[in-house]
Structure formats: structure tokens, C-alpha cells
Amino acid sequence: MLAMTAIVALRYLAASGVFAMLTQRVRPGYHSRLGPQIRREIGWSLASAAIYGIPAGLVAWGWQEHGWTRIYTAWDSWPLWYLPLAPLLYLFAHDTWFYWTHRLMHRPRWFRSMHAVHHASRPPTAWAAMSFHPWEALTGAVVIPALVFIIPIHVAMLGLVLLVMTVMGVTNHMGWEMFPRALVHSKLGSWLITASHHQRHHEEYRCNYGLYFRFWDRVCGTDRGLSPNA
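Just so we're aligned: 142 in this note's numbering is position 151 of the sequence shown, and the numbers increase by one with no gaps anywhere.
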């Protein structure tokens, strides 16, 4: 579990560091006055890494030592058409869990006790992706570890899920839109969450609760579109 905590922490530092440097290069001085805030974001995020590392370590041990999970390594264990389907199932399940727990944490009592830590980042930066109160971190830490006991997935596709989770978590908090306008405003882009969509959540709080997809926001009437400031 210590090893997995270190892996999660290093993954966070590497991903957030890369996109923080990109922000500095593309928009010099954009976050230059946010030093104290960024230090707080890193502190909370490293604490979150420890929380994420515990269930991840247990899953890795159970998989390697006892075969408890539904992670597989042989390419022919399941049909090849299932390979790209499994990550989509994981991302949609994660997005669903995130949407509803996120909305719950915006109720006044839950917000004050947990989610206010994340929204203390004004504006959010690339370092804020894992800046959570420990209780909020716990709600996010259990999702993927739970899914590997339910939905079969090739280990490489699981790696892809973790990559998407990391990259979108960071890029959605940079405060500026790094993806091409042609994608963001396309039919495909209208269903995906990028920085300009999530930035509006940080500006208005009561909208745009999703993580990867805009599906639940649209179904539940909480999608207010893109921020003009990102």
C-alpha cells in the first residue's frame, strides 16, 4: 500500500507539474499570484494520494496474490471487441458515481464539512485535481477498486482508464481551454467535459457536476454550458 501511495503521488505530481508548466508557457503569469493556494492544493492532494493508495494497494495485492478481481492479462480472455468497451463502461460508471456524490456534497452541510476544501481554489489550477478533504477523497478512492471486482477489464485498458482519469482531472482544472475549439464546440465535444465546462462549475457552484461526460448534467437539467472565461 505504501508503494501504491507513492505511485499515486508521483503520478499526480508528474501530471499536474507538466500541465502547470504548460499553463506558464501558454499563459505567462496566469497563476503567478497563487503561490499560497497552490501549496495548499499540493498538500491536500498528497494527503488524497495516501487515501487513494490504500484501496488501490489492496486491489493490486488481491489480484496478484489471490486472483480476486476481474482484471485479466491474456488478450484472448474476452473478445477483442470488448477491449475498448470496458474502459467506456468504467468511465461511465465512475462519471455516474461522481455526478451524484458531487451533487450531494453541494448540499450546505456536506459542502461546509468536506467540499469547501476543493472550492477554496479560486481559480482552480492544475494542482487542484486531487485537492480534496479526506472524506471527499475517500468517496473517489473506492470507485475504480470496486469496479475491478464487477466488470472484467484487461490490465492495459485499466491503465488507459487511469490515464484518462488523471489527464482529465488535471486539464479540467487549469482554468483555460487547451483543447481545440473545433473539438469543444463539435457534436462530440458537446457531450465531453473539458476545462471550459468545469470552470463554470467553479464559478457558479450549482451546475456542471459531471466528471467526464455531460450526460447526467443534461438529463438532470444542471448543464449550463461553457464558461466564457476559460
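Don't be surprised by glycine CBs; every beta carbon is placed ideally from N, CA and C.
Looking only at its chain, what residues have a beta carbon closer than 7 Å to the beta carbon of residue i, apart from the 5 residues adjacent to it on each side?
i, result
"aspartate 208", "Asn199, Tyr200, Gly201, Asp214"
"isoleucine 62", "Trp54, Val139, Ile144, Val146, Leu149"
"leucine 95", "Trp101"
"proline 171", "none"
Could you please give the first and the last residue of the uninterrupted alpha helix (DSSP H) stretch that includes residue i?
i, result
"tryptophan 35", "26 to 52"
"glycine 160", "146 to 162"
"cysteine 211", "206 to 211"
"threonine -4", "-7 to 17"
"aspartate 86", "73 to 96"
"valine 108", "107 to 110"
"proline 136", "134 to 138"
"alanine 174", "The residue asked about is misnamed: residue 174 is leucine in this sequence, not alanine. Its alpha helix (DSSP H) spans residues 172 to 175."
Could you say which of the options lies nearest to residue i if we only look at CA atoms?
i, options, result
"leucine 37", "Ala120, Glu56, Pro19", "Ala120"
"alanine 41", "Met(-5), Arg18, Leu95", "Met(-5)"
"methionine 156", "Ala132, Met169, Trp182", "Ala132"
"valine 134", "Thr92, Arg103, Pro99", "Thr92"
"proline 125", "Gly44, Trp35, Ile(-2)", "Trp35"
"glutamate 127", "Pro115, Arg30, Met105", "Met105"
"isoleucine 33", "Arg2, Ala186, Leu80, Trp72", "Arg2"
"tyrosine 21", "Val(-1), Ala173, Gly166", "Gly166"
"threonine 87", "Arg31, Leu4, Thr130, Gly216", "Thr130"
Count the other CB atoms, across all protein chains shown, that sit within 10 Å of the CB of residue i; report buried if there are 16 or more and exposed otherwise.
i, result
"tryptophan 54", "buried"
"isoleucine 141", "exposed"
"alanine 65", "exposed"
"methionine 12", "exposed"
"arginine 123", "For the sequence presented, residue 123 should be read as phenylalanine rather than arginine. Label assigned to phenylalanine 123: buried."
"proline 219", "exposed"
"valine 17", "exposed"
"alanine 0", "buried"
In chain order, what residues of the same chain have a beta carbon less than 6 Å from the beta carbon of residue i, not counting five sequence neighbours either side?
i, result
"leucine 82", "Tyr203"
"tryptophan 59", "Gly53"
"valine 161", "Ala6, Ser7, Phe10, Ala117, Ala120"
"histidine 189", "Asn163"
What residues match up with residue i in a beta bridge as DSSP calls it?
i, result
"tyrosine 63", "His145"
"leucine 183", "Phe204"
Note down, in chain order, each residue of its chain lying with its Cβ closer than 8 Å to the Cβ of residue i, except the 5 sequence neighbours on either side.
i, result
"arginine 197", "His97, Thr213"
"valine 108", "Trp35, Ser122, Phe123, His124, Glu127"
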